[in-house]
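Chemist: Dropping the structure in here first, questions after.
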Amino acid sequence: MMNFERGSISVFLLLTFINLFSSVAQSADLVNVPIDHEVYLFIDRLAAKGILPVGVQASRPLSRGRVADLLIEISRRFEAGELSLSNIEQAHLKAYSRIFAQEFRKRGINVTPQQERKYFFTLEDTEYTLNIQPGLQQRTVIQQSDAFAKPSQKSERDGTEIIFIQPTIFGEIEEKFVYNTDFKWGPLISGERYIPRPSESIYSNGDFKQVATLKAYTKIGWHGLSLELGKDDLWWGPGRHGALMLSDNTDSKDLLKFDGIMGPFKLAAFTAALRSKLGNKYLSGNRLEMNFPDWLTLALHETIIYADRFDLGYQNPFTIYPIALAMTEYGIEGGYGYSGDNMLVGGDFNIRIFPNIELYSEFMLDDYYTEGGLLQHLRGWDTKFGFLLGAYYVDPFNFKDTDLRIEYAFVNQYAYTHESSINAYTNRERVIGHHIGPDADDFWIELKYRFNDKIQTSLAYELLRHGEGNIDKPHQPTDAEEWEFLSGITESTHSLSLRLSYLSIGNYSFSANYNYSWIKNSKHQLSVDDSKQQLVVEAEYIF
Numbered sequence: 005m006m007n008f009e010r011g012s013i014s015v016f017l018l019l020t021f022i023n024l025f026s027s028v029a030q031s032a033d034l035v036n037v038p039i040d041h042e043v044y045l046f047i048d049r050l051a052a053k054g055i056l057p058v059g060v061q062a063s064r065p066l067s068r069g070r071v072a073d074l075l076i077e078i079s080r081r082f083e084a085g086e087l088s089l090s091n092i093e094q095a096h097l098k099a100y101s102r103i104f105a106q107e108f109r110k111r112g113i114n115v116t117p118q119q120e121r122k123y124f125f126t127l128e129d130t131e132y133t134l135n136i137q138p139g140l141q142q143r144t145v146i147q148q149s150d151a152f153a154k155p156s157q158k159s160e161r162d163g164t165e166i167i168f169i170q171p172t173i174f175g176e177i178e179e180k181f182v183y184n185t186d187f188k189w190g191p192l193i194s195g196e197r198y199i200p201r202p203s204e205s206i207y208s209n210g211d212f213k214q215v216a217t218l219k220a221y222t223k224i225g226w227h228g229l230s231l232e233l234g235k236d237d238l239w240w241g242p243g244r245h246g247a248l249m250l251s252d253n254t255d256s257k258d259l260l261k262f263d264g265i266m267g268p269f270k271l272a273a274f275t276a277a278l279r280s281k282l283g284n285k286y287l288s289g290n291r292l293e294m295n296f297p298d299w300l301t302l303a304l305h306e307t308i309i310y311a312d313r314f315d316l317g318y319q320n321p322f323t324i325y326p327i328a329l330a331m332t333e334y335g336i337e338g339g340y341g342y343s344g345d346n347m348l349v350g351g352d353f354n355i356r357i358f359p360n361i362e363l364y365s366e367f368m369l370d371d372y373y374t375e376g377g378l379l380q381h382l383r384g385w386d387t388k389f390g391f392l393l394g395a396y397y398v399d400p401f402n403f404k405d406t407d408l409r410i411e412y413a414f415v416n417q418y419a420y421t422h423e424s425s426i427n428a429y430t431n432r433e434r435v436i437g438h439h440i441g442p443d444a445d446d447f448w449i450e451l452k453y454r455f456n457d458k459i460q461t462s463l464a465y466e467l468l469r470h471g472e473g474n475i476d477k478p479h480q481p482t483d484a485e486e487w488e489f490l491s492g493i494t495e496s497t498h499s500l501s502l503r504l505s506y507l508s509i510g511n512y513s514f515s516a517n518y519n520y521s522w523i524k525n526s527k528h529q530l531s532v533d534d535s536k537q538q539l540v541v542e543a544e545y546i547f
């Protein structure tokens, strides 16, 4: 059995040695832009308008160099009079150009000191660069739950407050490789029932509670290829409210990742170490994106979870898991009757066939029932799948600086589960794919309007329905042979959200988000209803 950490470090050191003697592109370009950065919303909007290729960010994160290339292309075409931008879009383009000024200069674009967003501390030499960008964030959460189907039950109200420090440190050494550390840490000042966000971990030291996130990695690259070792996030798929294969529903993963761009093709492969109360396990995956015309992007991907071993059979970025599975897991317990490893395959596409309208979809197949006719194939419990449909309409009905996005997702009863519990599609007991989990569907619609380049508001409605299945309930021999749509007593949650935000890009922000939810059959109890209210106020300052 090969040790994951030792094997990963050995491979990385070998490639670093090779890289020292190869011609390398500007390495600082390799630093990743966090998957929740607001620049992705700007890119999304211009892709839907036809200014950028559709699906250019179907998988995230993108590197700083890749984002800079997109911004430069927008600027070039705008200055040449080939496209029009609203006043707000022009202001956003200028603001993002300031943030990526270092990458602009490396591409021969003249940037004056007034056009650059300086870091709090920069140390530069001919052999290295170091940038430090500290920040502060304050978050206040006020929430209330009312079980109004039971008048005798009192309402529950709770409030929490956290102040985070969030420094980012990144740079390069001898233009050979880059490093990045981005963490957020803060004490829980008040409130006892704080529910951390998926990317956050909460720790207790007696009565002292603290919340933290961490991304830290090093990365090398050459000739359009890159190799990353460290702790980072991954998102695969065009959905913006969720993704079926890889999403932000868990914290950052310790991984070894390979990326390559060759003309219209983009290849990604990774292996990550996961955590479970049942023991350690690993997740490997491959993804191929194809962008031929600017209005269409197609992608195919595969992932697999396996435990108690590090298996080189899944590290090959050019392998095909459905074919390699039987050979790779030969001798693994569970290989008779069902697979000992948990494999998922899927695909997605983005298409723009109407002006300002982008359509997208994702499909995931966890397993497939192979006995009986076609209908039995689809209805068999072992046919585990999910799909996502979405539409993004920019400036709908000629309302400028407005976005309308609609998404629907469905994951059937036993998807993500596995007969071997440790191989469930989870990391730290959270689903790696769509946050709704198995046996659920979700309809979400959001309308967003920008008053100017800093102030915007959004209104969203969501209907989340969940059957009694969950990630911890794999199919049992005594269960029905067919999966059920939203099994048992269905819990339905209607949510209405109103958000107002003020954002000075790269400097500071303030937001207030109010959410009201009405729950029918709460916790799958027939005729037991509930309602919840939540107000989240956040302020952030970047030095």
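So the sequence shown is numbered by this note's numbering: it starts at 5 and just counts up by one. Where is the CB? At the ideal position from N, CA and C, for every residue including glycine. If you're wondering where the values come from, they're calculated on a predicted model, not measured in any experiment.
CB I103 to CB I76, shorter than 8 angstroms?
Modeler: For I103 and I76, no; Cβs fall outside 8 angstroms.
Chemist: Are the CB atoms of G234 and A220 within a distance shorter than 8 angstroms?
Modeler: Cβ distance < 8 angstroms, so A220 and G234 count as in contact.
Chemist: Roughly how many angstroms lie between the CA atoms of L292 and L490, to the nearest whole one?
Modeler: Between L292 and L490, the C-alpha separation is close to 32 angstroms.
Chemist: Determine the DSSP secondary structure at E83, reduced to helix, strand or coil.
Modeler: Helix, per DSSP.
Chemist: Tell me whether the segment 454 to 465 and the segment 499 to 515 touch, counting them as touching only if at least three CB pairs, one residue from each stretch, are closer than 8 angstroms.
Modeler: With a cut-off of 8 angstroms, the segment 499 to 515 and the segment 454 to 465 count as touching, because enough Cβ pairs lie within range.
Chemist: Check this for me: beta carbons of I92 and I78, under 8 angstroms apart or not?
Modeler: No, the Cβ-Cβ distance between I92 and I78 is not below 8 angstroms.
Chemist: Could you tell me if T116 is buried or exposed, where buried requires 16 or more neighbouring beta carbons within 10 angstroms of its beta carbon?
Modeler: Per the 10 Å Cβ criterion, exposed.
Chemist: Alpha helix (DSSP H) containing K527: first to last residue?
Modeler: Unbroken run through K527: none, as it is neither H nor E.
Chemist: Whole angstroms are fine: how far does the CA of I169 sit from the CA of F514?
Modeler: Computed Cα separation, rounded: 16 angstroms.
Chemist: Are there 16 or more other CB atoms within 10 angstroms of the CB of M249, so buried, or fewer, so exposed?
Modeler: That one is buried.
Chemist: With C-beta atoms as the reference, is L218 less than 8 angstroms away from S256?
Modeler: Contact: yes.
Chemist: How is the alpha helix (DSSP H) around K98 delimited, first residue to last?
Modeler: Note, K98: alpha helix (DSSP H), 91 to 103.
Chemist: Assign K154 to buried or exposed, taking buried as 16 or more other Cβ atoms, counted over all protein chains shown, within 10 Å of its Cβ.
Modeler: Low confidence applies here, because K154 scores a pLDDT of 47, under 50, leaving its location unreliable; read the following figure in that light. Exposed, because fewer than 16 other Cβ atoms sit within 10 Å of the Cβ of K154.
Chemist: How would you label K223, buried or exposed, when you count the other beta carbons within 10 angstroms and need 16 or more for buried?
Modeler: Burial call: buried.
Chemist: Between F547 and F124, is the Cβ-Cβ spacing less than 8 angstroms?
Modeler: Result yes, Cβ atoms of F547 and F124 sit closer than 8 angstroms.
Chemist: Are the beta-carbon atoms of K285 and I426 separated by less than 8 angstroms?
Modeler: Yes, they are a contact pair.
Chemist: Name the residue from H305, E178, I309 whose alpha carbon lies nearest to the alpha carbon of I324.
Modeler: Considering only alpha carbons, the answer is H305.
Chemist: For the beta strand (DSSP E) containing R279, name the first residue and the last one.
Modeler: Where R279 is concerned, there is no enclosing beta strand (DSSP E), given that its DSSP letter is neither H nor E.
Chemist: To the nearest whole angstrom, what separates the beta carbons of F353 and G390, a pair I think is in contact under 8 angstroms?
Modeler: The Cβ separation is near 16 angstroms, so there is no contact.
Chemist: What does a CB cutoff of less than 6 angstroms around Q214 pick up in its chain, not counting 5 residues either side in sequence?
Modeler: The residues are P191, Y207.
Chemist: Kindly indicate which three-state DSSP category Y396 falls into: helix, strand or coil?
Modeler: Reduced to three states, the DSSP call for Y396 is strand.
Chemist: Could you give the C-beta distance for P242 and E366, rounded to a whole number, given that I count them as a contact under 8 angstroms?
Modeler: The Cβ separation is near 6 angstroms, so the contact holds.
Chemist: Residue range of the beta strand (DSSP E) that A543 falls in?
Modeler: Looking at the DSSP string, the run of the beta strand (DSSP E) that includes A543 is 534 to 546.
Chemist: D312 and I39 look like a contact to me (Cβ under 8 angstroms); what is the Cβ gap, rounded to whole Å?
Modeler: The pair is not a contact, with the Cβ atoms about 30 angstroms apart (cut-off 8 angstroms).
Chemist: So what's I177 in DSSP terms, helix, strand or just coil?
Modeler: DSSP places I177 in strand when its eight states are reduced to three.
Chemist: Look up M249 in the DSSP assignment and say whether it is helix, strand or coil.
Modeler: Note: M249 maps to coil in three-state DSSP.
Chemist: For P57, count neighbouring C-beta atoms within 10 Å of its own C-beta (all shown protein chains included) and say buried if the count is 16 or more, exposed if not.
Modeler: Per the 10 Å Cβ criterion, buried.
Chemist: Report the rounded CA-to-CA distance for H245 versus S230, giving the unit in angstroms.
Modeler: Those two C-alpha atoms are separated by around 28 angstroms.
Chemist: Helix, strand or coil: how does DSSP classify Q118 here?
Modeler: DSSP places Q118 in helix when its eight states are reduced to three.
Chemist: From what residue to what residue does the beta strand (DSSP E) around Y44 run?
Modeler: Here Y44 belongs to no beta strand (DSSP E); instead the alpha helix (DSSP H) covers 43 to 52.
Chemist: Around the Cβ of A276, are there at least 16 other Cβ atoms within 10 angstroms (buried) or fewer (exposed)?
Modeler: Buried, since its Cβ has 16 or more Cβ neighbours within 10 Å.
Chemist: Within 10 angstroms of its Cβ, does S508 collect 16 or more other Cβ (buried), or is it exposed?
Modeler: The residue in question, S508, is exposed, as its Cβ has fewer than 16 Cβ neighbours within 10 Å.
Chemist: Would DSSP call G390 helix, strand or coil?
Modeler: Strand at G390.
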